[in-house]
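Note sheet for the following structure.
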Amino acid sequence: MKISAQLAIWMSAGFALLCLGFALTGFAALPAITDEAEREVSFGYACFWAFLAGIGTVFGILSWMITKGKLGDLD
């Protein structure tokens, strides 16, 4: 199955937004957590989702560069 660069842009954007939503929800919930150990674990999960959002953003930018001909061949 081949995915076009244009489709990869939209899929990466959707993935990044979904992950960013999870990350922001996790960061927003941190002040309400009273247990220190649970707060650390929640912060780790939120950072992981933020990392995945960054990965989705990078792949979206790379796909956009491919469609504009700035990276790789269009053949």
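To get the numbering used here, take the position in the sequence shown, counting from 1, and add 10.
Don't be surprised by glycine CBs; every beta carbon is placed ideally from N, CA and C.
Just so we're clear, the structure is a prediction, and the values are computed from it rather than from any experiment.
- Linking Ala39 to Gly79 through their CA atoms gives a straight-line distance of about 42 Å.
- Under a 10 Å Cβ-count criterion, Ala63 is classified as buried, with 16 or more other Cβ atoms of the shown protein chains found around its own Cβ.
- The C-beta separation of Ala15 from Thr77 comes to about 5 Å, placing the pair in contact by the 8 Å criterion.
- Residue burial annotation: Ala26 is buried, with at least 16 other C-beta atoms found within 10 angstroms of its C-beta.
- DSSP places Thr67 inside the alpha helix (DSSP H), whose first and last residues are Glu46 to Thr77.
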